[in-house]
Amino acid sequence: MSHYAGQGMVREPFSTSPDPNFLLATRQHATCLQELEISLRLRRGLNVVTGDIGTGKTTLCRSLLRIFAADAATDVHLLLDPHFETSEEFLRVILTSVSGLAPDPELGLWGLKEALKQQLFRLGMVEKRLVILVIDEGQKISPANLEILREMLNYETNTAKLLQIVIFGQRELEPTLAAMPNLTDRINVHRRLSPLRFGETRAMIRHRLTVASGGAAPRVRFTWPAVALIHLAGGGSPRKTVRLCHMALLEMLVRGHDHVGLAEARAAARPEPDASAIRATPRRRAGFAAMAAVCVLLGGLWFSLGGHGPVLGQSGIAIGQVAAPAGMPEAVPAAAAVAQPQPLGADLNTRGVSLRPEETQSPAGASGRVTLQPVRDMGPAVRIKVDTTASPLLQVQTHALPPATTGEAALARQTGLRADNQ
15 MSHYAGQGMV REPFSTSPDP NFLLATRQHA TCLQELEISL RLRRGLNVVT GDIGTGKTTL
75 CRSLLRIFAA DAATDVHLLL DPHFETSEEF LRVILTSVSG LAPDPELGLW GLKEALKQQL
135 FRLGMVEKRL VILVIDEGQK ISPANLEILR EMLNYETNTA KLLQIVIFGQ RELEPTLAAM
195 PNLTDRINVH RRLSPLRFGE TRAMIRHRLT VASGGAAPRV RFTWPAVALI HLAGGGSPRK
255 TVRLCHMALL EMLVRGHDHV GLAEARAAAR PEPDASAIRA TPRRRAGFAA MAAVCVLLGG
315 LWFSLGGHGP VLGQSGIAIG QVAAPAGMPE AVPAAAAVAQ PQPLGADLNT RGVSLRPEET
375 QSPAGASGRV TLQPVRDMGP AVRIKVDTTA SPLLQVQTHA LPPATTGEAA LARQTGLRAD
435 NQ
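What follows is the structure, encoded as structure tokens:
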């Protein structure tokens, strides 16, 4: 708080904690709070308050608890997280809170209901106490447990309900309630909180600064343009407005100003960097496109080579022909040109194969000869026939040769294999 003390404040003005002291009694909040108090004191049963995220439901809930905290004849039980897997677990928690004792672990669903009913009759009829169950985050309640709450409303006398229930929840609760008409018909007060208007946003900011200054006139002020920008950026949500005001106030302290102006509000409303947006810069998008194109080209080359890449040592694999231009004779289909491997010792067709050492490393020249380095231990060799005299588009045929003898394989690995186009 030392950085706020210089501004005449005794506490943080824009905390996101649900402090009832900072609740601004706008028309809708004040009306809702009054209706809830009257319904509870008259023991009318079920009440529901819904609203979008950050509209002040939890702060309103804490304000309601404060109203009844000083009432000695009232027992208020707060359930912050109503999500339970089973109705038995849900009932055990409520019964433990109401009675102050853990129920018998052997009790089933019916036994828990009876035990809770006896406790409510004792408190309401004998001790004349007002029992209130307040549930926050009501959108987490399962339909089965909502049905349990409906059954609790049947615990009543001729004039009043023995258990008063208030549910605060987000808008997701409304469709669930709409699907249970036998429950919605029992709701006494149902209020939906709306976003703040501009005048309410401005009043809320001033109210928080006044409370943080100990009730004195605040030294720090927000200019009208700053409030307008914060209201637009926050969409009238009290929670978002509080967060933006906190950031704007810190920006004011950093700049050494005595008020929050448009520059501070603009800095507070600046959107945070999005990791996905950073990754999707134009340069990165172009890089991704280039990488995709390379992958496509490599995939096409891989497919054109029969799915085995540049290694041409797999027997029985036919390499597809390149389409010949119009007017040229069609090449023999590659599949037809593949010879079945012959047993070892059969006639070996070595026509066009030269094993002269001085020519094994020479590149392909004008004669159209191609020199390939034999692949080690990759099975039978493949002879390639290339015709480059007719057209730049090559016609490729393959002929599978039977496995070489041990001596021939060793000689091929040492000197290289040359295939001519004859």
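Each residue of the sequence shown is one higher than the one before, starting from 15 at the first, in this note's numbering. Every residue gets a Cβ at the ideal spot worked out from N, C-alpha and C, and that includes glycine. As the structure is a computational prediction, the values presented were derived from the model and not from experiment.
Bounds of the alpha helix (DSSP H) holding L47 are R41 to R55. According to DSSP, residue pairing for H204 in a beta bridge involves V62.
By the neighbour-count criterion, in which 16 or more other beta carbons inside 10 Å mark a residue as buried, Q132 falls on the exposed side.
Burial is judged here by how many other beta carbons sit within 10 angstroms of a residue's own beta carbon; P189 has fewer than 16 and is exposed.
With fewer than 16 other beta carbons inside 10 angstroms of its own, K142 counts as exposed. Between A279 and A226, the CB-CB gap reaches or exceeds 8 Å. Across the structure, A83 and L276 are spaced so that their CA atoms are roughly 42 Å apart. Per DSSP, the continuous alpha helix (DSSP H) segment holding F135 begins and ends at L123 to F135. Shown here for L160: same chain residues with a beta carbon closer than 8 Å to its own, the five before and five after excluded, namely T190, L191, M194 and L197 in chain order. Judged by their CB atoms, Q153 and G183 are nearer to each other than the 8 Å cut-off. Checking the DSSP bridge columns, you'll see H91 partnered with L147. Counting along the chain, G183 sits inside the beta strand (DSSP E) bounded by residues Q178 to Q184.
Rounded to whole angstroms, the separation of the alpha carbons of E99 and A242 is 45 Å. Shown here, F36 sits in a helix according to DSSP, grouped into three states. If the five residues before and after T255 are omitted, its C-beta is found closer than 8 Å to the C-beta atoms of L210, T215, M218, I219, I244, H245 and G248, all from its own chain and listed in chain order. Each residue's CA atom was taken as its position, placing G213 and E151 some 28 Å apart. Within a 10 Å sphere around the beta-carbon of V268 sit fewer than 16 other beta-carbons, which makes this residue exposed. In the displayed model, E170 falls within a strand according to three-state DSSP. The Cβ atoms of C46 and R205 lie closer than 8 Å to each other.
Distance from the Cα of P27 is smallest, within the candidate group V234, M261, R222 and R235, for R222.
If you look at G250, you'll find it isn't in any alpha helix (DSSP H); DSSP assigns it neither H nor E. Residue R164 holds the alpha-carbon nearest to the alpha-carbon of I179 among L187, R164 and A116. DSSP, reduced to helix, strand and coil, places H273 within a strand of the structure shown. Look at F104 here: in three-state DSSP terms it is helix. Within the DSSP secondary-structure output, K154 pairs in no beta bridge. P96 and A282 have their C-alpha atoms some 35 Å from each other. The three-state reading of DSSP puts R284 in coil, since its state is none of H, G, I, E or B. Going by DSSP, F212 is part of the alpha helix (DSSP H) stretching over F212 to A226.
R80 sits in a helix when the DSSP states are folded into three classes. In this structure, the beta-carbon distance from T69 to P252 falls below 8 Å. DSSP lists E170 as the bridge partner or partners of K175.
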